[in-house]
Every structure is written in C-alpha cells, then in structure tokens.
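A.B. asks: A single structure is presented below for examination.
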C-alpha cells in the first residue's frame, strides 16, 4: 500500500487555513498515486486547543471541517485528527479522535486511549479515554490506528520515583490480539533536545515487539511555548527506520509499505544545533501565528541578548529586528561596543537611549521616602525597570513584539527583575541553561564571527552596580547548571544532588533560590520549551508552599 | 457515635505546622469525648501541592507525618488526608487517600475515585483513580469514607454543552451496595460565590438519596489564588442540615450521629458579603503563608484601589498597609483629595510621589525615535509603568508585597498596562467584575463612610490623558459585565449572548478584546478566585490561537 505522510504546521483554531493545507495534501497524495494520506493528531484544529475544547462552537467547527475535508477524499483515503463527541451520557464530553475518511465521507472514528496528563500535557482535562479497540480494514490490510501516547504505554523516566507504566492499559496489546499488517500513529509529539531519541526508541521497540511496520506522522511548528519538530517516519517490522521526514519544517513523502529498503538517513546534528533550530522555528511561528512581523529587544553587550538577537534575525530577517542599547553609568565601554558590533554584523537597526537621567528622576522622587537607607537591590531594579519601560515603549509605538532574553539559569534562581529585564512577549532562552547559551553562541559563530568574541569570553555581569559579576551572587555556571539540571529536569532531592558530588551549602542555597522565586516565574513570559522540563505550565508549583530544603 | 469535625487552615508542604494543628485537635476531640475526629482532604500536606507530589521527599514526609499523627490516636480514631503509594506496578504512582488512624497506627486507607481534572483542578496529573470500595467498620457502624469529588458524580453545569456526568463511576452507588450507617466526606472544596449553594445541594441530595447521614469536613483558608471557605456540616439521612460550621475561619465541633435535632443556622449574607470575606481571607493568608506582613499599593482616587486598600487594611491591619499617591498632570484634584481622605479614614501611611518629571525623562529620551509620531497608548503606558516602577521600589525597599488592583472587567478586555498597573504579587480584584466592585464599596460603607462617596459616584477613568473616561474605550460596565459573565463564566457563544439581548457589535468587539488579551493575562499576577471561572490556571487558552468571532 502506498501511504503519504503529511507533516504540516497547523494553527490552533484556524480551521480554514488548516483545512486548506490538508485538502491540498490530499490532492497531491492522490495525484502521486497514494492510497492513503495520514495527517497528525488534532490536525484539523491544531494541537493543543486547551479550553477552547469547552466551547461548543469550536468543537462544532472542528467536526464540520472534518466533513468538508471528507468530501475531497475520493479515490484516496485519509486519516485526520479532530475531537469527536462521546455519545454515552457519562464521561467527558469529547474523544481525541482519528477520523478515517473515504468515499467522500467519514467511514470510521478511532479514539485515543492513553491521555497524557503530566508535564505540558493535560488531555484528561478534556477527553474521555477510549475503551474499545476496533481495527481499520482497508485494501485488504488490517491496520491499527493509534494516536500519539497510545504507543507510549511504557515511558522513559527521569528518576527512580517516577514510573515507567503510568497507564493500566496498553492499546497495542489489545489491538494486536488479531494479526496486524500495519500500525499507524497520528502524533503531536513536542520537541525537547533528548526527545528525538526517546521517540525513535519507542517506535522501533513497538514495531519490533509486534513485528509490524509502523507509519508515524508528527506535526511540525510551534504553538506558543511548545515546538513540534516533525521527524515523521516509516519503520519496518524489524524495528528499522526506512524513511524519516525532515525536522523543523513541513514535509511530505509517499512510502510503499512493501518497500522496506532503507533510505539514507539525514545525519542529525548535536543537541545544540537542534536547540538552535527549535528556537528559530519557535520565534518564527510565534510571530507568524500572533500576526506580527517585527521584534525588538534590548542589547546589553552580554551573551544572552546577543544570542537572542541572532535567533531573531535568523527567524524574522534583519529588516524585522530593531534593538535598543540602553547603557547606564555602570555599563562598560566594551559592552556598548560589543552590542554595536553585533548589530552591525547582523545588519539590524539599532539605537542608543541613555537611562541615567530617567533613573536619576526615579531616585530623586523616592529620595524623601528612602532617606537614610542604603542603595541596593531596589536601585538595581529601578535601572532594569527603566530599560524594560523603554523597550516596551518602542514595541508599543511600532507594533513590535519584545523578545525576552532571560536564560534558564537566571530564571531558575530569580536573578532578574520582574517588570524589568523579565519583560517580553516570548522568552527565547528561558529553557536554555547559561552554559548552553555559551555553546549556542559558539555554534552561531562556526562559519565566522557573528557574535563578538568579547561578548563570549568576558565574565557575565548584569552591570547594575560598579564591577558587578554574576559570580558575586551565584555559584559559577558549571556548578549552578549542574545542580539546576538535577533538581529541575531530573527532579532529584537535595540529598541525591549532594551525593552526586556537589557541595551541600551550594545545593541547599540554589534550591532555596529556585523555590523562593516561583512568584517571579508565575508572571514570566511564555518560554520556548526545548528541554524535558521547562518552566511554565509543565511545572506547576504552589507559590505559598513552605517546603524547606 | 460522637464525631469531631476539625475544620483547619493548612499550609502546603509545612508538615510540621500541619501536624501540630492536627494533633492538637485530636487531643481536644479526645478530651471532649469524641470517638472519631475527621480532618479534610490532603490535610497532612495541604491542598493542593501540585507538582511537589512528583518529589519523593515530599511524599515520604507526608506519609511519615501520617505515621507520627497515628501515634496520638489512642482512645480516639482519626481520618486524615494524605497521598499514598499505588503499589501496583501500573498506573499513576499515587492515590489521594484518607487514612484511618486507630490504636496508634494506620488501620485502613481509602482512596479517592473521582479525580477532578477541569477548571482549577488537575488531580489526574498526579493520582490514580480508585477502583475498590471497602467500607469502614468502626464501633459497630458501617461508614462510607469518601473524598471530596467522590460525592460529585453529578455536577452543576454552566451551559448546555457542558455535561452533568463527567465520570463513568458513582462511588456512593458502589458503597451503598451494603447498608450504610454514615457517609463521611473529607473535602477541599474551594469557595466561589455560588459554590456554597451547589455544595449544600450535593450534600443534601446524596444524604437523602441514600437515606444516610453525612459528615462533611472542608478545609478553610487560602492557598495563593484559591480560597477555601470551610462550612463543614452534618446532614441527617433526610437531607437536612443539622450542624453547620463557620465560614472563612477555623472551627471545631463535635456532633452526635444520634442527635439530629437541627441547630440554629447562621444567617448567611448575600454574595457581596461572601466575596468580601473571601478576599479578606485570601489577602491575609497570602501574606501569612508567604512570610510577609506589609502591603503596598498605589492609590489613584479611583474605586478599584480604594476597595483594595480597605480589604488590605481589614486583612493586615492599618499599621501594615502603606500606599503611594502618584498623580500626573492628568490627575484631577479630586482624585488626590479622594485618595488622601481614604488613607486618613483607614489610618494608613500614605505618601505622594509625582510622576511627571519621570515621564518627561522617558519621553525626552525616546523623542528622537518617535519624531513625527503622534502621542497615544505608548505614552499612556509610560505613565502606568512609571507608577508601577515606583510602587515596586517602595515594595522592594521595605519588603512589602505590592497588591494589584486590576478588576476582572479590565483584566478581561486588556484595559490595563502590562508591567504597569498590572504589577503586583497578588491580584485582589482580578476575579471581581467592575459592577461588583461598586457593590463591594457600598458594602464597605454600610456602617459609615470609609471610601469617599466621590470615589464611588464619579465616572471611572484611568486618568492617562485629558478628560479620559473608561467609556471612551469600553461599553458601559453593566453591558460589558453582562457580556463578559456570559462569555467567561457561562462559556456562551457570541450567538447565544446576542440572543440574550446584547447588541451584536458590542458582543463581537468585547469577545475580540478578551481573546486578543490572553497574552497579557498570561503574565498577570495570581488572582484571588471568587467566581466559578477565574482567569488563571483554571482557564487555559492558547495564546497563538486564531479563533475568530
């Protein structure tokens, strides 16, 4: 059987645009001789619509959109993803479904069994789990139609307290009670830099466990924080990858289930290259889907804003990035020069606005209230907020989106000013540890200097007081990131982290900083997710908790 | 049987404090002759711990805390709430459990069946649903032990698309297969101004349906956004309330299951009084649990900041509230006078800081970039951000928490400045529509003028440009709030709202404003929840969605 894998970038709620895309690929697949074309999970409405699923008009439009798409399925069949109504009078109102379209109509509906409800997933909030396991019979073949998590009954775990089997059912066990010719999986599997290996492992293990070839179609593109990386594939019944679609872009390929001669695999880059590509896609899609073109950001001469500027320029084009340099009396001459050099290298518009007179006015007005008190963090925050106000003014005046440049290490320990440098429409590096920001900068410079060398080699500083260095307040970044990764991604206890070789005082202080700054992260910009545990709705911590370490 | 209802205020993760409270009430109940003392859901660790439940050390401390508490159960039994481990090798790691403690040890564990995963609830994220239905036998009585949602198998719905029965199981149907003497429910049921009636309805209906008396113990107190109002009760087998504990405060009462003579019910106030009491408790607990004492806010002379100031003074005391007046050239003389009068009425410290010189500096510095462009929203935002920076400076310098004064109507349509008047540690009125803010002000003045009459009667204005009125940009508040309530709380479609009698253009424009401002709410402060649908994690909407109305 010839099956087209249609790996597309969907826009949540934009039924017309999604439908046009889907129908165009159905036509193409038909023209190119495919029997069946497979789209990804919830492709008709976009993944994930969250509480839009509680709106009648949203669900009705999704279902009527499926019916329109069905009309274009003549001489070819299609599998598309959309919600469907649970007609039982008990249980959640909706199923997360795969619609089999053939002969101009909906012929069969398959519902998702395993509803991920952890990390960034919240599917049980809206969907009823499937309990029945029909098989699709098409062109004499028996096909198991599954949806994303349905093949993830056994999961990778980050630590020994987490468990591999969080579900009581394994859909493929049910479905394979009869001999299968093929497994199809409609997926919306988000990117994280180690997800690609996990995912491939799951596909290969299942294909070989059930000795059945598998067609896997993932979506591509970003929806706010979540980046989908594509990488759809066809795996043979021995668990070998036969065809693999492109990553980080739309793609389309027709495979022949009889032809399992392995095509040459693209040589995938290291994790820094993947993060780079994910962030470029994340920025581009955020702007495109929000209906914006232009970005602004503050360029300090430091490495975080430099890396964000490069990503923005690559995502949006030089003509769509406009930056502000906002030096104060604590800014080094080098910082201003580094920022200017970067802007010139990127060919982006830059302007300089001095903040000192603004800061002076704030301090003058507050002086009577602060009489006799030492200057300190309050005054540092005033500088950061003056800058935050200036970039927002630029953004408001010209209809730009402000890019936030906070990295994950800072975000974790609260080393940043709320309503100041934490401002922005999207946090580009909020899931990238500082040590990886350095690696990103090196990666960006691999074909010639884009980011000035000095920006990369000088000791990191917020430049909010004379001769300030990040290491005045924080452990060195190798240590800090080591502790943070264990605490956040691996969810290790302080004791486990200490046992791994980190100094107890540093571990406890770091974790205390993480816990004490939940209130700042609560109000942070959405963060492009590139790891297995990003800050945001995938990590819900109670603000008022008192859980001492 | 004599049963003590212990309605307490727990602090998430503060095992020592929770344990002390629980043990003290066990001692008291024993001294006063009770056979059994009942605490609320997850009382040992506080409700709701969110992803702290993924931490081994959190769960281990909860369970060891239960074991310590058990040792104090001699001559009296207790039911406490805590997570327990699911020892099957499949399914989620934890159950949400009620531990029956007797003779110094854990005698039996009952697990929650219905795991609410909608609105502010996310329990399937962490817990496995119970499948078995043992009954507690104690002192010759057969007792059904249930946890909160277990008795909510049939729910009130806000519109015809929502459904009453979102679960396939009804635990009381299973449990009542044998004759029951009593139903006990350990609850953590959050306040909303109409929740009290729903909840009572559920209790009375179940007690009478199963002809079994019911002991219901709720928690009290606020955890960040969520306010628990207490109101624990004992209902007889005819579905009549026999005893009802206090609302919005800790309480303790021993009931005799044989004695169903109805005690006099407290006359409950109207919904505005309930909202008032909920907000006072919400502010007080946020400060207490975060470890802060003092609040700051900006007082504009308008009604929102006036109402917040009164709530803060009632929650924290006059000595713990310090306000800033920050007039600009657009502030009317009356506004300043009204703000001063209010501060004097409340006996709170107030100071005046002028923003004009700061705003002028911002505009001077940006002038070269804005040459030839008209002043507009950008300049209004600069004023709001100058104020936001000033109150944050005060808050930073003196260790205050800034109270946000945005109301729900503004928050809904984005009528406010991100990083300006949207600043704050907690949004006190973020779930209160403007029309209810007026009613709150009147309620506060019922025993004499606290809020100056002029603040209540003058037309609302942001005072960011000459002679500005809210109605320049928004429909009148009666209309606006009518549309918003239908769209947000009732989740009605534009068509349904138009059918209810609202002008089509107004409805579509309002809904467009709501949808276009998800990005602002994403970064808003936590909002004290007093309605059935507050902004925040109980209403998850995708930022990049395009779902035209």
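Chains as they are written, first to last, in our numbering: chain A, 1 to 549; chain B, 1001 to 1549. Using N, Cα and C, we set each Cβ at its ideal position, and we do this for glycine too.
(1) Show which residues of chain A have a CB atom less than 8 Å away from the CB atom of residue 1224 (chain B).
(2) Do residue 463 (chain A) and residue 331 (chain A) have their C-beta atoms within less than 7 Å of each other?
(3) Would residue 504 (chain A) count as contacting chain B if we go by Cβ distances under 7 Å?
(4) Please identify, using Cβ separations under 7 Å, the residues of the stretch 468-493 of chain A that lie next to chain B, in order along the chain.
(5) Keeping to the same chain, check which residues put their C-beta closer than 6 Å to that of residue 180 (chain A); ignore five residues upstream and five downstream.
(6) Kindly give me the distance between the Cβ atoms of residue 41 (chain A) and residue 188 (chain A), rounded to whole angstroms, as I take these residues to be in contact under 8 Å.
(7) Measure the C-alpha to C-alpha separation of residue 93 (chain A) and residue 1159 (chain B) and round it to an integer number of angstroms.
(8) Could you run through the stretch 1171-1195 of chain B and flag, in chain order, every residue whose CB is less than 8 Å away from some CB of chain A?
(9) In three-state DSSP terms, what is residue 1431 (chain B)?
(10) Would you report the Cα separation of residue 1546 (chain B) and residue 1328 (chain B), rounded to the nearest angstrom?
(11) With three or more C-beta pairs closer than 8 Å as the rule, is the stretch 1519-1529 of chain B touching the stretch 1214-1229 of chain B?
(12) Between the alpha carbons of residue 1033 (chain B) and residue 1287 (chain B), how many angstroms are there, rounded?
(13) Relative to the C-alpha of residue 1548 (chain B), which candidate in B:1058, B:1149, B:1507 and B:1210 has its C-alpha closest?
(14) State the Cα-Cα distance for the pair residue 1070 (chain B) and residue 1101 (chain B), rounded to the nearest angstrom.
(15) Under 8 Å, with one C-beta from each stretch per pair, do the stretch 403-411 of chain A and the stretch 1395-1415 of chain B reach the 3-pair mark?
(16) Between the alpha carbons of residue 147 (chain A) and residue 79 (chain A), how many angstroms are there, rounded?
(17) So, at 6 Å on beta carbons, what are the nonlocal neighbours of residue 185 (chain A) in its own chain, with the 5 sequence-adjacent residues on each side left out?
(18) With a threshold of 7 Å between beta carbons, is residue 1096 (chain B) in contact with chain A?
(19) For the stretch 252-267 of chain A against the stretch 190-199 of chain A, do three or more pairs of beta-carbon atoms, one drawn from each stretch, fall closer than 8 Å, so that the two count as touching?
(20) To the nearest angstrom, how far is it from the Cα of residue 392 (chain A) to the Cα of residue 1354 (chain B)?
(21) Under 7 Å between the Cβ atoms of residue 293 (chain A) and residue 414 (chain A)?
(22) List, in chain order, every chain A residue whose beta-carbon is nearer than 7 Å to that of residue 1013 (chain B).
(23) Any chance you could list the alpha helix (DSSP H) runs of at least 4 consecutive residues sitting entirely within the stretch 1379-1439 of chain B, in chain order?
(24) Give a yes or no on contact between the stretch 272-290 of chain A and the stretch 226-246 of chain A, applying the rule of three or more CB pairs nearer than 8 Å.
(25) For chain A, is any of its Cβ atoms less than 7 Å away from the one on residue 1117 (chain B)?
(26) Output the distance between the C-alpha atoms of residue 1028 (chain B) and residue 1004 (chain B), rounded to the nearest integer angstrom.
(27) Given a limit of 8 Å on CB to CB distance, which residues of the stretch 343-354 of chain A reach chain B?
(28) Mind checking who residue 1255 (chain B) pairs with in its DSSP beta bridge?
(29) Just the Cα atoms here: how many angstroms apart are residue 14 (chain A) and residue 57 (chain A)?
(30) Taking the C-alpha atoms as reference points, what is the distance between residue 263 (chain A) and residue 153 (chain A)?
(31) In angstroms, rounded to a whole number, what distance separates the CA positions of residue 8 (chain A) and residue 26 (chain A)?
(32) Near residue 242 (chain A), what residues of its chain come up, given a Cβ to Cβ distance below 6 Å and the 5 sequence neighbours on each side ignored?
(33) Examine chain A for any beta-carbon lying closer than 7 Å to the beta-carbon of residue 1374 (chain B), and answer yes or no.
(34) From the DSSP output, in three-state form, read off residue 1322 (chain B) for me.
(35) Taking a Cβ distance cut-off of 7 Å, strictly less, list which residues of the stretch 270-295 of chain A are near chain B, in chain order.
(36) Rounded to whole angstroms, what is the Cα-Cα separation between residue 1277 (chain B) and residue 399 (chain A)?
C.D. replies: Let me lay it out:
(1) Within chain A, the C-beta atoms nearer than 8 Å to that of residue 1224 (chain B) come from 542, 543 and 544, in chain order.
(2) yes
(3) Answer no: the Cβ-Cβ gap between residue 504 (chain A) and chain B never drops below 7 Å.
(4) Listed in sequence order: 491 and 493.
(5) 142, 144 and 212
(6) 4 Å
(7) 13 Å
(8) none
(9) Shown here, residue 1431 (chain B) sits in coil according to DSSP, grouped into three states, outside any helix or strand.
(10) 38 Å
(11) yes
(12) 36 Å
(13) B:1507
(14) For the pair residue 1070 (chain B) and residue 1101 (chain B), the Cα-to-Cα distance works out to about 5 Å.
(15) No, because fewer than three Cβ pairs between the stretch 403-411 of chain A and the stretch 1395-1415 of chain B fall closer than 8 Å, the two stretches do not touch.
(16) A straight line joining the alpha-carbon of residue 147 (chain A) with that of residue 79 (chain A) spans about 11 Å.
(17) 146, 151 and 216
(18) no
(19) no
(20) Going from the Cα of residue 392 (chain A) to the Cα of residue 1354 (chain B) covers about 22 Å.
(21) no
(22) Residues of chain A passing the Cβ test: 545, 546 and 547.
(23) List check, alpha helix (DSSP H) in window: 1408-1413.
(24) Segments in contact, yes.
(25) Put simply, the CB of residue 1117 (chain B) is near chain A, with a gap under 7 Å to one of its CB atoms.
(26) 9 Å
(27) For the stretch 343-354 of chain A, which is checked against every Cβ of chain B, the residues closer than 8 Å are 351, 353 and 354.
(28) B:1003
(29) 13 Å
(30) 29 Å
(31) 12 Å
(32) 234, 236, 260 and 262
(33) no
(34) strand
(35) 286, 289 and 290
(36) 42 Å
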